[in-house]
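Only one structure is covered here, and it is reproduced in the block below.
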Amino acid sequence: MIPSQMLKGTLEGCILAVIGRKETYGYEISQQLEYYGFGKIAEGTIYPLLLRLEKNGLAEAVYRQSEVGPQRKYYRLTAAGEQELALFVRNYRALSRAVDNLLQETKGDAVYEPQDKETVAGK
Amino acid sequence: MNRKTKKLLQENNLLEGQLTPENNRTMTDLIVYLRASNTTAYQQECVRRDITEMVLEGQRRGETMEAVIGEDYKAFCDAVLSEVPKRTAGQRILSALGCGCLYVDVLAVIWLAFGAIGWLLGEGTYPWLTVTAGNLVALAAILAASIGLVEYICKNAFDENLGKSKVIPILLVLLVAGLVAGSVLLRGIVLFRMHFLLALGLIAALYGAHKALEEKVD
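Shown next, in the form of structure tokens:
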């Protein structure tokens with residue numbers, strides 16, 4: 000399970016990526032995220048982000064009758080949304096590269112190695 | 000509330016009828032909380048439709064409302080409200096005026112009815128109605144207490160200890176004090192008299208103003 004604090008900055012971009020693949024709705028987005036390893040994310044977490052995307056003109060919504068049950072709100076990317084997704088991909092790749100580089104360089108560094116009791120005690 | 004909003008409200012009421020009693024109760028808390036927000040009634044109904052459909056779908060899958068929305072309903076509502084456009088200053092003023100006209104109108108009808116009962120009991124001088132300082136104090140007390148009460152209940156819709164809150168009894172005491180002051184202590188201070196036809200006209204005008212303002216704002 001990815002900590003929610005860590006997800007915060009990227010979830011919106013990831014939702015853009017899911018919507019970017021095809022027109023979709025809240026529950027399907029939640030399932031897609033779970034499929035990709037994000038863990039169970041409630042629709043209640045996704046809905047405010049979808050509202051934000053809509054408010055910022057990055058996604059547009061349309062109501063469609065579902066085969067079963069009530070109608071669903073489907074989301075699709077706007078042109079601005081596609082640009083934002085491309086920007087997110089660039090930024091995320093840069094961040095991912097930077098974090099990867101850092102972790103590779105520091106791997107095995109004594110600072111990050113678990114220290115034994117004697118070292119901690121300064122003996 | 001204009002026609003577009005009323006139509007959506009009626010659709011949402013029908014939709015909510017499909018919720019289980021437990022989900023319906025939680026949904027009511029959620030909607031009550033949204034009502035206190037600084038968003039238009041139309042925006043509130045749009046959000047209400049989305050959430051109800053979300054919960055209905057979850058219900059169909061056999062999921063609880065908590066599984067669909069998350070554990071913290073208040074945090075969910077706050078997250079949603081932060082993404083919904085706020086009312087402009089103009090919309091807030093028009094909405095407050097519209098509500099004010101309706102509240103005063105309802106109280107004016109009651110005042111007129113009491114005046115008519117007074118004539119039947121041989122009090123007052125037909126066709127004149129008396130407006131006393133007490134009437135105005137009672138009006139202010141009823142408006143302040145009822146608006147305060149509704150605001151407080153809406154903003155604390157998710158508070159399980161709402162029933163134990165001291166604010167509600169304080170507001171009720173203020174209301175009673177205002178009514179007692181109005182109907183007993185200040186009853187004798189006559190401000191002016193009004194012909195009942197003029198009173199009827201004012202009541203109709205207030206209602207007309209309320210309807211017109213209601214159409215202007217979402």
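Residue numbers (numbering that gives the first Met the number 0), protein chains in the order written: chain A, 0 to 122; chain B, 0 to 217.
Virtual Cβ for every residue (Gly too), placed ideally from N, Cα, C.
Computed from a predicted structure; not experimentally measured.
Query: Compare the C-beta of G12(A) with all C-beta atoms of chain B and state if any pair is closer than 8 Å.; Result: no
Query: Quick check: is the beta carbon of L106(B) nearer than 8 Å to any beta carbon in chain A?; Result: no
Query: Give the interface partners of I68(B) over in chain A, defined as CB-CB distance under 8 Å, in chain order.; Result: A41, E42 and G43
Query: Suppose you measure from the CA of K122(A) to the CA of N100(A); what does that come to, to the nearest Å?; Result: Confidence in K122(A) is poor, its pLDDT being 47 and thus under 50, which makes the residue's placement too unreliable to answer from.
Query: Pull out every residue of the segment 62 to 87 of chain A whose Cβ sits closer than 8 Å to any Cβ of chain B, in chain order.; Result: S65, V67, G68, P69, Q70, R71 and K72
Query: Pull out every residue of the segment 109 to 125 of chain B whose Cβ sits closer than 7 Å to any Cβ of chain A, in chain order.; Result: none
Query: For V119(A), which residues of its own chain have a beta-carbon under 7 Å away from its beta-carbon, when the five flanking residues on both sides are left out?; Result: Unreliable positioning characterises V119(A) in this predicted model, as indicated by a pLDDT of 48, which lies under 50. A coordinate reading is not provided.
Query: For G25(A), return the contacting residues in chain B, with the cut-off set at a CB-CB distance below 8 Å.; Result: M53
Query: Return the chain-ordered list of same chain residues with a C-beta closer than 7 Å to the C-beta of R34(B), the five sequence neighbours on each side being excluded.; Result: Q43 and C153
Query: Does DSSP put G12(A) in a helix, in a strand, or in coil?; Result: helix
Query: Can you tell me the Cβ-Cβ gap for I18(A) and L48(A), rounded? I've got them flagged as a contact below 8 Å.; Result: About 11 Å separates the two Cβ atoms, so there is no contact after all.
Query: Counting along the chain, where does the alpha helix (DSSP H) carrying M193(B) start and finish?; Result: It is not in any alpha helix (DSSP H) - M193(B) instead sits in the beta strand (DSSP E) that spans V189 to H194.
Query: In whole angstroms, what separates the C-alpha of Y206(B) from that of D104(B)?; Result: 7 Å
Query: If you measure between the beta carbons of A60(A) and G80(A), is that distance less than 8 Å?; Result: no
Query: Could you name each continuous alpha helix (DSSP H) segment of 4 residues or more that falls completely within the segment 22 to 57 of chain A, going from the start of the chain to the end?; Result: 25 to 34 and 42 to 54
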